[in-house]
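My numbering applies: residue 48 is where the sequence shown begins, and numbers increase by one. First up is the structure itself, then whatever we jot down about it.
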Amino acid sequence: MKSVAVALALLLSATAANAQEAQVWAVETPKNADAWLRFGTPETDDHPLAFSCERKSGQVRVAAVVDRKMGVRKDGNAWVDRAGVRAPWPLSISLASEGGSVTLRSAAEPHDPSGGTMVFTEFSTRAPFTEAFRKSGLVRLTAAGQTIEPPPAKKSMVRKFLGACK
48 MKSVAVALAL
58 LLSATAANAQ
68 EAQVWAVETP
78 KNADAWLRFG
88 TPETDDHPLA
98 FSCERKSGQV
108 RVAAVVDRKM
118 GVRKDGNAWV
128 DRAGVRAPWP
138 LSISLASEGG
148 SVTLRSAAEP
158 HDPSGGTMVF
168 TEFSTRAPFT
178 EAFRKSGLVR
188 LTAAGQTIEP
198 PPAKKSMVRK
208 FLGACK
């Protein structure tokens, strides 16, 4: 019985490692819908970091999932924090890339599928961070005491996405 438990644990850790390895950047820039630049597992809803925009809007929306649980409870259909304040809750997000960074006001709410927290904000395509991200493909997001730093996106993907947003 113990060997079955060990084998199962090894299989689950190998599966988790393979799922982690499968996370990649993907870009979508349809002519009649929002543009997306996502980091996650293809063909799933597992996208710990996603950028989106309405074409030619000049604004980029950011959504990220962090592991930290915000210490909340369900009150009917609404999530509330320890003080009874309904979600979404105010929070700061920092975005950084090689040569540029920005700290933004954002919001947070529980992310049921992961048990963590979804954080979201938006920034201008004219922000210094945007140009640094376009040039390097590097992004580091820090929110709720956690940092998400995926491997660099292909610069061509970032340029294609940001070009649709401007």
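Just so it is clear, CB atoms sit at the ideal spot from N, CA and C, and this is done for glycine as well.
In terms of residues, what are the limits of the alpha helix (DSSP H) holding residue i?
i	result
R181	175 to 183
G210	202 to 212
Restricting to Cα atoms, I'd like to know which of the options is closest to residue i.
i	options	result
V113	G162, L209, E75	G162
T256	G210, R108, G147	The structure shown does not extend to residue 256, since the chain is modelled only from 48 to 213, so the question has no answer here.
P95	F176, T194, A179, S183	T194
K116	M165, G87, A69	M165
A69	T76, P77, K78, F86	F86
M204	R181, K213, V186, E196	R181
So is residue i buried or exposed if we call it buried at 16+ other beta carbons inside 10 Å?
i	result
V132	exposed
A111	buried
R270	An answer regarding residue 270 cannot be provided, because it is not within the stretch 48 to 213 covered by the chain.
S144	buried
A80	exposed
K103	exposed
Where does the unbroken beta strand (DSSP E) through residue i begin, and where does it stop?
i	result
P133	Looking at the sequence shown, residue 133 is not Pro but Arg. Note, R133: premise wrong, no beta strand (DSSP E); not H, not E.
H158	147 to 158
V74	71 to 75
E169	163 to 171
S99	96 to 100
G87	82 to 87
T194	193 to 195
R108	106 to 113
Measure how close the beta-carbons of residue i and residue j come, nearest whole angstrom, since I'm counting them as under 8 Å.
i	j	result
P160	D92	7 Å
A211	A82	4 Å
V74	K207	5 Å
Can at least three beta-carbon pairs, one atom from the region 148 to 159 and one from the region 197 to 210, be found at a separation below 8 Å? no
Counting Cβ pairs closer than 8 Å, one from the region 181 to 194 and one from the region 133 to 145, do we hit at least three? yes
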